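Each remark here refers to the structure printed beneath this line.
2 protein chains.
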Amino acid sequence: MRLRDIGEFGLIARIERAARRAGSPTWVRIGIGDDAAVVRPRRGEDVVLSTDALVEDVHFRRSNESARSIGRRALVANLSDLAAMGARPLGFTCALAAPPELAVSTLDGIVAGLLIEAGKHRCPLLGGNVSAARELSLTLAVLGGVGRGRALTRSGARAGDDLFVTGVLGAAALARARAERSGRPMRHVPQPRLAAGRALTRIRAVRACIDLSDGLLADAAHLLGPAGLAADIDPDAVPRPARFSAACARVGLDPVRTLMTGGEDYELLFVVRGARPTAAELARRLRVPVSRVGRVVSAGSLAEPADAGGWRHF
Amino acid sequence: MRLRDIGEFGLIARIERAARRAGSPTWVRIGIGDDAAVVRPRRGEDVVLSTDALVEDVHFRRSNESARSIGRRALVANLSDLAAMGARPLGFTCALAAPPELAVSTLDGIVAGLLIEAGKHRCPLLGGNVSAARELSLTLAVLGGVGRGRALTRSGARAGDDLFVTGVLGAAALARARAERSGRPMRHVPQPRLAAGRALTRIRAVRACIDLSDGLLADAAHLLGPAGLAADIDPDAVPRPARFSAACARVGLDPVRTLMTGGEDYELLFVVRGARPTAAELARRLRVPVSRVGRVVSAGSLAEPADAGGWRHF
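Top to bottom, those sequences are chains B and G.
Counting in our numbering, the first sequence runs from 1 upward without gaps.
Counting in our numbering, the second sequence runs from 1 upward without gaps.
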């Protein structure tokens with residue numbers, strides 16, 4: 001069955017049914033199916049909004065990834081932006097654009113993937129849009145809530161501050177390389193650091209935060225560059241999965257380059273006022289592994305400019 | 001200059017500069033340029049979220065519409081969904097997808113168009129996303145605020161209620177037909193009925209509301225169909241621009257069909273408890289023209305089913 005067989009309203013009805021089966025938290029006052037959704041934040045909460053898109057053959061290939069995984073990754077990428085602000089999810093919208101000849105089962109898989117992560121992170125599908133297009137794409141907008149004035153931002157770092165990351169890096173790049181080499185579909189779905197992000201809003205020494213979507217060096221440049229700052233990162237201090245170098249060697253990846261530039265790990269990179277909490281103290285507060293990877297310096301003080309090896313679209 | 005010459009981050013920097021020049025209202029706590037935007041609703045306000053997309057050659061053609069007009073219409077379509085809920089705008093995000101060979105001036109024009117309507121309706125650009133794609137598209141998500149529990153919805157109509165519309169219908173379809181016939185660019189940009197929508201939330205006899213994007217018959221079916229209801233509309237009562245029939249004749253349009261099925265007028269269609277306020281009273285409260293176009297009936301009671309002649313995507 002193709003999309004053209006069920007039509008725009010047929011697809012919308014399918015998505016609505018799936019979303020209703022998933023249920024919705026009490027803060028959703030009007031969910032999917034009206035002109036817009038209505039959500040009730042907690043009293044005095046600020047609201048947080050972000051958008052991100054996945055486009056076929058740019059952000060995913062259907063030949064090496066299941067539809068469900070594409071859907072899951074799409075929502076994770078958006079939830080990670082909420083995590084970086086220290087916000088809790090309130091819900092999301094999804095604009096789907098697809099060619100009329102696309103199999104309905106592919107769209108069902110994408111929606112199922114979205115709803116898996118939606119359920120896991122209590123971030124209900126609130127509405128969406130469906131349009132014909134020449135290529136498949138998903139554009140999500142995610143809504144969150146955060147205590148009044150408590151949102152983490154990218155600004156606030158100063159020279160001398162310490163740089164920390166959650167979890168381990170390089171896992172997503174390694175999984176992509178393995179899938180490409182083996183011809184088997186990619187199964188790695190990173191998880192947004194929502195609880196860790198919320199915990200960071202309660203630690204006063206934390207000055208700035210960003211999620212690692214483009215890669216450590218690129219995102220450090222996004223975090224620090226606008227203020228004339230740079231990251232002095234010790235590659236040996238960057239946390240990595242067990243037996244990472246050997247795994248990289250097997251698929252022809254350079255391990256240090258992969259740690260520094262591999263994207264889509266969705267860990268948090270954050271800045272802490274110099275000599276305040278240690279990595280161990282932060283790990284206890286955040287309930288996730290935390291590593292100190294370097295420090296903030298003024299941009300001119302690095303011997304050579306860091307290679308911002310992140311992903312470029314054009 | 002092409003998009004590939006300035007790259008993803010070059011385009012983002014251009015959009016950020018334009019958005020900053022436009023300024024932002026006090027409720028925006030963190031605007032464009034962070035992982036997400038942070039907005040402070042009024043105390044006790046519910047928040048409203050909606051998304052809508054314009055795809056090249058589906059919703060617009062660059063051959064008969066300026067980039068600026070495309071940007072303006074994109075935001076108007078989204079704002080109209082807020083109007084239909086009775087919400088005030090808080091801001092929006094824009095995900096742009098474009099081929100690398102697209103002229104930067106086209107993107108500048110689209111952004112300028114978005115910002116014209118953003119300024120007019122106090123709905124600042126809060127953030128966005130930029131991606132390579134095979135075709136040009138814009139996907140907006142718009143955030144609004146509405147008094148706690150006061151949002152208008154599509155549900156609530158009952159048989160015997162009266163159906164009203166704001167303004168006049170058919171103007172957008174007529175403008176499209178004129179542009180196609182003359183080969184001159186389309187200049188008509190409808191306006192979202194934001195103030196009228198807010199006024200409707202303060203009238204207790206109003207039971208349901210929808211904005212007219214797909215056409216009167218199609219949107220009446222969206223509004224009433226799910227409850228087993230239908231619209232009994234008197235075509236002669238549908239408000240139209242001055243000298244509409246003659247203008248339709250000149251471009252080969254059937255005037256009644258155009259009134260009943262022409263989309264994108266973005267007027268409001270709303271349901272009022274039978275025999276309560278008259279059109280004149282409603283017009284005074286809403287400060288816009290209001291016409292009674294028919295009444296709500298049970299779906300089985302119409303002699304023949306209405307032709308749901310709206311736009312279908314697949």
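All C-beta atoms in this analysis are idealised placements derived from N, C-alpha and C, irrespective of residue type, glycine included.
Since the model is a prediction, treat every value here as computed from it, not as a measurement.
Between the region 159 to 179 of chain B and the region 265 to 279 of chain B, the count of Cβ pairs shorter than 8 Å is three or higher; the stretches touch.
Apart from the 5 residues on each side of it in sequence, G/Asp234 sits with its Cβ closer than 7 Å to the Cβ of Val293, Gly294 in its chain, given in chain order. Using beta-carbon distances, B/Asp52 counts as an interface residue toward chain G, with a partner under 8 Å. Secondary structure of B/Thr261 (DSSP, three-state): helix.
Among the residues facing chain G, B/Gly127 is included, as its CB has a counterpart in that chain under 8 Å away. Under the Cβ criterion (8 Å, minimum of three pairs), the region 250 to 260 of chain B counts as touching the region 172 to 179 of chain B. Interface residue (Cβ-Cβ distance to chain G less than 8 Å): B/Thr166 is not classified as such. Annotation: Cβ neighbours of G/Ser131 in chain B (cutoff 7 Å, chain order): Ala53, Val55, Val58, His313. Close CB contacts of G/Thr258 within its chain, under the 7 Å cut and outside five residues either way in sequence, are with Gly170, Ala173, Leu174, Cys248 (chain order). At a cut-off of 8 Å between beta carbons, B/Glu264 makes no contact with chain G. In the three-state DSSP reduction, B/Gly109 falls in the helix class (H, G or I).
B/Val76 has its alpha-carbon roughly 31 Å from the corresponding atom of B/Val297. Rounded to whole angstroms, the Cβ separation of G/Asp46 and B/Arg40 is 5 Å, and the two are in contact under 8 Å.
In the DSSP annotation of this structure, the continuous segment of the alpha helix (DSSP H) that includes B/Glu8 starts and ends at 3 to 22.
Taking 8 Å as the threshold, the shortest C-beta distance from B/Pro41 to chain G falls below it. The residue from G/Leu79, G/Arg148, G/Ala151 with its alpha-carbon nearest to that of G/Glu117 is G/Leu79.
DSSP places B/Gly225 in the helix class (H, G or I) of the three-state scheme. G/Arg62 has a beta carbon lying at 8 Å or more from every beta carbon in chain B. The three-state secondary structure of G/Val189, taken from DSSP, is coil. In this structure, DSSP gives G/Glu180 a helical state, which the three-state scheme calls helix. Proximity of B/Glu135 to chain G, defined by a Cβ-Cβ separation below 8 Å, is satisfied. For B/Asp52, no alpha helix (DSSP H) segment is defined; the enclosing uninterrupted segment is the beta strand (DSSP E) at 45 to 55. Exposure of G/Met1 is indicated by the presence of fewer than 16 other C-beta atoms within 10 angstroms of its C-beta. Leaving aside the five residues that flank B/Gly156 on each side, the residues in its chain whose CB is nearer than 8 Å to its CB run, in chain order, Arg207, Ala208, Val271.
In the DSSP annotation of this structure, the continuous segment of the alpha helix (DSSP H) that includes G/Asp81 starts and ends at 67 to 85.
At least one CB atom of chain G sits nearer than 8 Å to the CB of B/Val146. Within the DSSP bridge table, the entry for B/Asn129 names B/Ala95 as partners.
B/Gly31 is classed as buried because its beta carbon has at least 16 other beta carbons within 10 Å across all chains shown.
Counting only residues of its own chain and dropping the five nearest sequence neighbours on each side, B/Ser66 has a CB closer than 6 Å to the CB of Pro185.
Not one beta carbon of chain G lies nearer than 8 Å to the beta carbon of B/Thr278. B/Arg287 counts as exposed, since fewer than 16 other beta carbons sit within 10 angstroms of its beta carbon. G/Leu82 belongs to the set of residues whose beta carbon lies under 8 Å from a beta carbon in chain B. Listed along chain G is no residue with a C-beta nearer than 7 Å to that of B/Met1; the closest approach is about 12 Å. Between the beta-carbon of B/Asp211 and that of B/Asp81 there is about 6 Å, and that keeps the pair under the 8 Å contact cut. With contacts defined by Cβ atoms closer than 8 Å, B/Ala74 and B/Leu140 form a contacting pair. The beta carbon of B/Thr93 lies closer than 6 Å to those of Leu126, Gly127, Gly128, Ala141 in the same chain, with the five residues before and after it left out.
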